[in-house]
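Convert by adding 599 to the 1-based position in the sequence shown; the result is the number in the working numbering.
In what follows, a structure is listed as structure tokens, so that the remarks can point back to it.
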Amino acid sequence: MLNRVSKLYGGVDSELRQVLSNTSWLFVGRSARLVVSLLVGTWVARYLKPEGFGSLQYALAFVSFFSPLSTVQMGPIVTRDLVRQPDQQGEILGTAVGVQVAGGLVAIALSILGMVRLAPDQPLAQLLVAIVALKYLFNSLQPIENWFEAQVASKYTVLAEQGAFLLVVALKIALVLNRAPVATFAAIIALEALFYAVGLLLFYRRQGQRLSAWRVSLQRAGYLLKESYPLVLSSTACVLYISIDQVMLGQMVDSAAVGIYASAATLSEATAFLPVIVCSSLFPGIVKAQGQGGGDYRRRLQRLYDLNILIAYGLIVTLIPLSGTLILVLYGPAYQAAQPILAVHIWSTLFAFLGIAQSKWIVAEGLQIYNLYSRLAGLGANVLLNLWLIPIWGGLGAAVATLISYAIGGYLFFWLIPQTRPNTRLMTKALIAPLRLLMGRHSFTGGRS
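Put into structure tokens, the structure is as follows:
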């Protein structure tokens, strides 16, 4: 087996070997944080038990519905304007922060009022939502992150993020050791946003920048809102698409069911950074090939889809046999019911990984509107399937609904659109990438794919 892998790697072209090397470094960096986060997170879940952990996850999922309102999805626009208009930095940052403060307050209010309306007889859920939603106020300083990005100095945002992460890990450990109530773990979520904001602010000041130079322009605020509202719509559809299952499960069953489902979903979704890394390594070459035209563009796209799908299949064949052991070791006997949920949910990585890669192609081709339509299609399917399957199978039904809706929103929908149909054929070939690999018809060398 090792000999065959060695021969395959030896036949890989030099560019892909460079990409794989770059990807491996990114993987190591992301994996270290993932392992720490997963271990501490599962320890917290063990301590809170399914009901307490489910209550916290339910609040997180519900609050996430309003996250696009808090950021107004203006990050890329702010970065672009800071690069193009450096002399207007004070107005750009001041206005962006002001808009996000207003958006954060709206998101907090809607989160609290929405939960009071949705669960009037659940004071704990209302309290957790109110606490978690505070993070939206602290997120209002995120435009500083865009300033660092415009200065090509993102190392400071990484340092601020890592500092906040380490503080939160230490606090979570202390809370578990001191047997703290679930509400304090909700406070930690808000505090992480606060720690990150303080870190950004400190690094910004150390660069000799002054907050007194910031100013708010109503005209620019209107411009930012006009530019970003399509992104808000698309992001809202995406957030609902991803989080609606846990909220519906909490409403239709109970908090313990959410906790058990969330434990499986956390393991299944923990590897979502892998296709992002692959895309970040391969996409620049794809954009370059697009400008040159010819078959190289399609070959590079096929390679991107093939790599993501092979990673997904690798995770599936690894996690399904180990699902029971993983749940038992990481979460404990109280979460054993999550084993079949994980075994089903992990299959959704096929379409999730394809979707992440395809979103890059959609941006390159200027077809972003179809991202919104596909997410709405997936969301509609998810809601209808949850209404049907959760009463029958509980958390397992939600996992089946997630799998089918991901297949609809991330793959089947694009067969209906003439402009995306050729690319969907590439995704179809990727779905049988293991078979093509065995037949020697893969996209990792200069040969046929």
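Note that CB positions come from ideal geometry on N, CA and C, so glycine has one too.
These figures come from a predicted structure and were not determined experimentally.
| Asked | Found |
| --- | --- |
| With 16 other Cβ atoms within 10 Å as the buried cut-off, status of P742 | buried |
| Touch test, the stretch 923-941 against the stretch 968-982, Cβ-Cβ under 8 Å, three pairs minimum | no |
| Contact between the stretch 759-771 and the stretch 787-801 (3+ Cβ pairs under 8 Å) | yes |
| Beta-carbon contacts of L709 that lie in its chain and below 8 Å, excluding the five residues immediately before and after | F665 and L668 |
| Length at least 3, wholly inside the stretch 866-905: the beta strand (DSSP E) runs in chain order | none |
| Where L1034 falls, given that 16 or more other Cβ within 10 Å makes a residue buried | exposed |
| Three-state class that DSSP yields for M1038 in the structure shown | coil |
| Rounded straight-line distance, which links the Cα of Q672 to that of Y828 | 8 Å |
| F802 versus L1011: straight-line alpha-carbon distance, rounded | 46 Å |
| As assigned by DSSP and simplified to three states, the class of P1033 | helix |
| Enclosing alpha helix (DSSP H) for I1003 [first to last residue] | G994 to G1009 |
| L966, DSSP secondary structure in three states | coil |
| First through last residue of the alpha helix (DSSP H) which encompasses N745 | P742 to A749 |
| Of the residues L633, V999 and W642, the one placed nearest L776, counting alpha carbons only | W642 |
| Proximity below 7 Å, CB of K980 to CB of S1004 | The sequence given here has Ala at residue 980, not Lys. For A980 and S1004, yes; Cβs fall inside 7 Å. |
| Reduced DSSP secondary structure (H/G/I, E/B, other) of Q684 | coil |
| Top-ranked residue by Cα proximity to Q808, from G693, A997 and V852 | G693 |
| Cβ contact (3+ pairs, closer than 8 Å) linking the stretch 869-877 and the stretch 1019-1030 | no |
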